[in-house]
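Student: In case it helps, this note's numbering puts the sequence shown at residues -12 to 610. Idealized CB from N, CA, C, for every residue including glycine. All of these numbers come straight from a predicted model, not from anything done at the bench.
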Amino acid sequence: MKSLFSPIWWVLKKFWWLLDGTRRALLNLLLLALIVAIVWGLATRGPKPLKDKTTLVLDLQGDIVEQFSGSPRDQALAQLRGDARHQTRLRDLLAVLDSAAKDDKLAQLVLDLDRMGSASPATLREMEAALQRFKKDSGGKPVVAFASNYDQRSYYLAAQADQVYLHPMGAVLIEGFGRYRTYYKDALDRVGVTAHVLKVGTYKNFAEPYMANGPSKASLEAEAYLWDDLWGRFQQGIEKARKLQPGALKQAIDELPQRLAAVNGNTGKLALNEKLIDGLKTRDQLKELLEKKGALDDKQLRQIRLGAYLARIPPKLPSSEGAVGVIVAEGEIVDGEAAPGKIGGESTAKLIRQAREDDKIKALVLRVNSPGGSAFASELVRRELELARSAGKPVVVSMGGVAASGGYWISTASDEIFADASTVTGSIGVVGVLPTAEKLMDKLSLRTGGYTTTWLAGGLDPRRALDPRLEAVIQGAINHTYGEFTARVAQARKKTVEEVDQVGQGRVWSGQQALERGLVDKLGRLEDAVASAAQRAKLGDKPQVRYVETERSKWEQVADSFGDALAPSVQAMVRDALRQSGVPVLPQSVQAVQGDMSWLVEQAQTGAKGRVPALAHCLCGMP
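#1: Which two residues bound the contiguous beta strand (DSSP E) that contains Tyr152?
#2: Could you tell me the alpha carbon to alpha carbon distance between Pro305 and Tyr534, rounded to whole angstroms?
#3: With burial defined as no fewer than 16 other Cβ atoms inside 10 Å of the residue's Cβ, what is the status of His183: buried or exposed?
#4: Is Tyr469 near Gly188, with beta carbons less than 9 Å apart?
#5: So, for Thr269: in the same chain, excluding its five sequence neighbours on each side, which residues have a beta-carbon less than 8 Å away from its beta-carbon?
#6: Could I get the ranges of all uninterrupted alpha helix (DSSP H) runs contained in the stretch 340 to 393, with 4 residues as the minimum, in chain order?
#7: Per DSSP, what kind of secondary structure is Arg102 in: helix, strand or coil?
#8: Could you spell out where the beta strand (DSSP E) holding Ser497 opens and where it closes?
#9: Taking only the alpha-carbon atoms, compute the straight-line gap between Asp551 and Gln74 and give it to the nearest angstrom.
#10: Could you give the residue range of the beta strand (DSSP E) that holds Asp46?
#11: Alpha carbons only, please: which of Leu510, Thr410, Pro233, Val368 is nearest the one belonging to Gly332?
#12: Can you give me the start and stop residues for the beta strand (DSSP E) that His604 sits inside?
#13: What first and last residue would you give for the alpha helix (DSSP H) that runs through Pro244?
#14: With three or more C-beta pairs closer than 8 Å as the rule, is the stretch 500 to 509 touching the stretch 394 to 411?
#15: Look up His183 in the DSSP assignment and say whether it is helix, strand or coil.
#16: Have a look at Asp46 and Leu96 and give me their C-alpha separation to the nearest angstrom.
#17: May I have the straight-line CA-CA distance separating Arg451 from Leu111, to the nearest angstrom?
#18: Is DSSP giving Asp284 helix, strand or coil here?
#19: Distance check for Leu338 and Ser365, CA to CA, integer angstroms please.
#20: Measure the beta-carbon distance from Tyr152 to Ile225 and round it to whole angstroms, keeping in mind my assumption that it falls under 8 Å.
#21: Provide the residue(s) that pair with Ala239 in DSSP beta bridges, ordered along the chain.
#22: Could you name the residues that DSSP lists as bridge partners for Tyr611?
#23: Does the stretch 375 to 384 come within contact of the stretch 161 to 172, defined as at least 3 CB pairs closer than 8 Å?
#24: Specify the secondary structure class of Tyr212 as computed by DSSP and reduced to three states.
#25: Can you give me the C-alpha to C-alpha distance between Pro555 and Ser56, rounded to a whole angstrom?
#26: Whole angstroms are fine: how far does the CA of Asp454 sit from the CA of Ala479?
#27: Which one of Leu77, Ser392, Lys128 has the shortest CA to CA distance from Thr412?
#28: Under a CB-based cut-off of 9 Å, is Gln95 close to chain B?
#29: By DSSP, does Val643 sit in helix, in strand, or in coil?
#30: Note down the Cα distance separating Ala106 from Gly318, rounded to an integer number of angstroms.
#31: What's the call for Gly244, buried or exposed, on a 16-neighbour Cβ count within 10 Å?
#32: Helix, strand or coil for Pro455, going by three-state DSSP, please let me know.
#33: Should Leu236 go down as buried or exposed, given a rule of 16 or more other Cβ atoms within 10 Å for buried?
#34: Are the beta-carbon atoms belonging to Val44 and Leu77 less than 9 Å from one another?
#35: According to DSSP, simplified to helix, strand and coil, what is Phe405?
Here it is in structure tokens:
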């Protein structure tokens, strides 16, 4: 028997030897290739020098933000859901424009705005100022803007260019500012849910959609005052850049049906007639135009894009005098820890504490872009800023697109507050929401029962009606929080509590209106706040600026790289699978309703745990 299987065993051993040898050879080749790649990378480290007549292309991707939001894990999950968006960081844009202005190798600047997302009016004005600096400091190098279609945000940037081009089948959509909100009172009544809204402030309309069927007169009054101010400044910026007569945009919108009919519905021609653009061009025609000022490499326009140019900017060497530390506070304010894109009471306080204890940081700038949120988390952040000032480090606040309610609360512990004229700020007020579903329980023939030692035990159970005694207790706590808020503002702004209350009551203001009411000190941009902090710390005219952020691990950086590479294909696969399975991709309006209802459920769950949040939130997004 043994002699019978010997030839088979010999063949198997030879086959295994061959398989194992092949595996070893492949792994060795892979290792060798990796070593060669590393050696080659080290040998050729650093970007190649730019050639003459290079075109700088600012290809804006997604929303323009103060900092990238979420962890790599969060971004990967968002991509799988199909709702991930690329982001462009404002500070990167400003750094590239300021560096490019002095670069002799660049022949022209192109704003590629096809993929630009949202940006607040204040952010657009920061970009406007940077583009004007580029024009001045570069000696008049041409700035060209192009998009297949412009919305009013991307067009505001395009208008700052020397030449604005649009695809022949495109359009410029300028629609104005304002918003419509969904109101849920009747719907909640129908299903048996009562949203008990407890607040301080006539204009504090954060939770109004849950208690009414339409906006109150106070809400309409406040919003009209704010939106009209922002819209007037927005129009002026475009009309000045395009050399249009004052009021030209408003007149064009008022007469839009007649004017569009006069060009047989040709939106591209309409934009040309209204002098909003300088010409209609396809991308290949734009390329031919750019080649006249630039140069070609292998029949392609010699160009460098935003990310590649940003990587070429050398980091500033540490200064022996010290640095101004910049901490970004962007997004909703929440309790505990939070990833970038939200302000965690504990995590943001930790960053401020880190900067306070760093001897190389001599002053702090808090860049605020937040509609507010948890009053408790806001106080944690404010207290850390107060401690930084007590330690002898100046604190200056720079308000971005929105710095309202909790965003204003954290700004009070500062030596000086800068805001843009179009910043949305104020909203000094407090609100709490306690949803109860006792009527829904009745509709479902469900009952609750049990024994408690006091009337207070289980008082926040959403299955039971809200006890009037508990409602009075919570209202008292919210009144106290509002008193704390106004007292802190009064102390910071050197006003009486009564004076603060007159401009408070939950009302939002533009930066210009806030300046007139003494809620901010000066109108200015981030660079102005940095200059003020440096002057207070005696760091000279050109201080080193250091962003104080949670350091990303090497693994997170690798995860980011994979996310950028895989996002388009993963997103497309998920959406195709949804469509094939018959599951619709929800429109934005439906998603907004889902978000509102999810927030209401979250408040009920918070109450069920025995916690009633005092919210310093304005629900005031950017237009």
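Tutor: Per the coordinate set shown:
#1: Taking the first residue of the sequence shown as 1, we reach residue 152 at position 165. Where Tyr152 is concerned, the enclosing beta strand (DSSP E) stretches over 150 to 153.
#2: Counting from one through the sequence shown, the residue named residue 305 turns up at place 318. Counting from one through the sequence shown, the residue named residue 534 turns up at place 547. About 13 Å.
#3: As a position in the sequence shown, residue 183 is number 196, starting the count at 1. Buried, because 16 or more other Cβ atoms sit within 10 Å of the Cβ of His183.
#4: Locating residue 469 in the sequence shown gives position 482, where the first residue counts as 1. Locating residue 188 in the sequence shown gives position 201, where the first residue counts as 1. Result yes, Cβ atoms of Tyr469 and Gly188 sit closer than 9 Å.
#5: For the purposes of this step, residue 269 is taken as residue 282 along the sequence shown, with counting starting at 1. So the list reads His154, Pro155, once near-sequence residues are dropped.
#6: 362 to 377
#7: Along the sequence shown, read from residue 1 onward, the residue named residue 102 stands at position 115. Arg102 falls in the coil class under three-state DSSP.
#8: Against the sequence shown, residue 497 aligns to sequence position 510. Note, Ser497: beta strand (DSSP E), 495 to 497.
#9: The residue you call residue 551 lines up with position 564 of the sequence shown. The residue you call residue 74 lines up with position 87 of the sequence shown. Since pLDDT at Asp551 reaches only 42, below the 50 mark, its modelled position is unreliable, and no value is offered.
#10: Walking along the sequence shown from the start, residue 46 turns up at place 59. Looking at the DSSP string, the run of the beta strand (DSSP E) that includes Asp46 is 41 to 46.
#11: Reading the sequence shown from its first residue, position 345 is the one you call residue 332. Checked all of Leu510, Thr410, Pro233, Val368; the closest Cα to Gly332 is Val368.
#12: Numbered from its first residue, the sequence shown carries residue 604 at position 617. Start and end: 602 to 604.
#13: Here residue 244 corresponds to residue number 257 of the sequence shown, with the count starting at 1. 243 to 249 is the span of the alpha helix (DSSP H), which, as asked, contains Pro244.
#14: yes
#15: As a first step, residue 183 is located in the sequence shown; it is residue number 196 there, counting from the start. If DSSP states are grouped into helix, strand and coil, His183 belongs with the strands.
#16: Locating residue 46 in the sequence shown gives position 59, where the first residue counts as 1. Locating residue 96 in the sequence shown gives position 109, where the first residue counts as 1. Between Asp46 and Leu96, the C-alpha separation is close to 11 Å.
#17: As a position in the sequence shown, residue 451 is number 464, starting the count at 1. As a position in the sequence shown, residue 111 is number 124, starting the count at 1. Rounded to the nearest angstrom, the two C-alpha atoms are 48 Å apart.
#18: As a first step, residue 284 must be located in the sequence shown, where it is residue number 297. Here Asp284 sits in strand by DSSP.
#19: Walking along the sequence shown from the start, residue 365 turns up at place 378. Walking along the sequence shown from the start, residue 338 turns up at place 351. Their backbone Cα atoms lie some 14 Å apart in a straight line.
#20: On the sequence shown, residue 152 is found 165 positions in, with the first residue counted as 1. On the sequence shown, residue 225 is found 238 positions in, with the first residue counted as 1. The Cβ separation is near 16 Å, so there is no contact.
#21: If you number the sequence shown from 1, residue 239 lands on position 252. Answer is none; Ala239 lacks a bridge partner.
#22: The requested residue 611 is not part of the displayed model; the chain covers only -12 to 610.
#23: no
#24: For the purposes of this step, residue 212 is taken as residue 225 along the sequence shown, with counting starting at 1. The answer is helix: DSSP assigns Tyr212 an H, G or I state.
#25: Mapped onto the sequence shown, residue 555 falls at position 568. Mapped onto the sequence shown, residue 56 falls at position 69. Because the pLDDT of Pro555 is 42, which lies under 50, any placement of that residue in the model is unreliable, and the number read from its coordinates should be weighed accordingly. Their backbone Cα atoms lie some 18 Å apart in a straight line.
#26: As a position in the sequence shown, residue 479 is number 492, starting the count at 1. As a position in the sequence shown, residue 454 is number 467, starting the count at 1. When rounded, the distance between both Cα atoms is 38 Å.
#27: On the sequence shown, residue 412 is found 425 positions in, with the first residue counted as 1. Cα-wise, what sits closest to Thr412 is Ser392.
#28: Within the model displayed, chain B is absent; a lone protein chain is all it includes.
#29: The first residue shown for the chain is -12 and the last is 610, placing residue 643 beyond what the model contains.
#30: Stepping through the sequence shown from its first residue, residue 106 is reached at position 119. Stepping through the sequence shown from its first residue, residue 318 is reached at position 331. Their backbone Cα atoms lie some 14 Å apart in a straight line.
#31: On the sequence shown, position 257 is the one that residue 244 refers to. Note that residue 244 corresponds to Pro in the displayed sequence, not to Gly. Under this definition Pro244 is an exposed residue.
#32: Counting from one through the sequence shown, the residue named residue 455 turns up at place 468. Three-state result, Pro455: helix.
#33: Translated into positions along the sequence shown, residue 236 becomes position 249. It counts as buried.
#34: Numbered from 1 along the sequence shown, position 57 holds the residue referred to as residue 44. Numbered from 1 along the sequence shown, position 90 holds the residue referred to as residue 77. No, they are not a contact pair.
#35: Locating residue 405 in the sequence shown gives position 418, counting from the first residue. Phe405 falls in the strand class under three-state DSSP.
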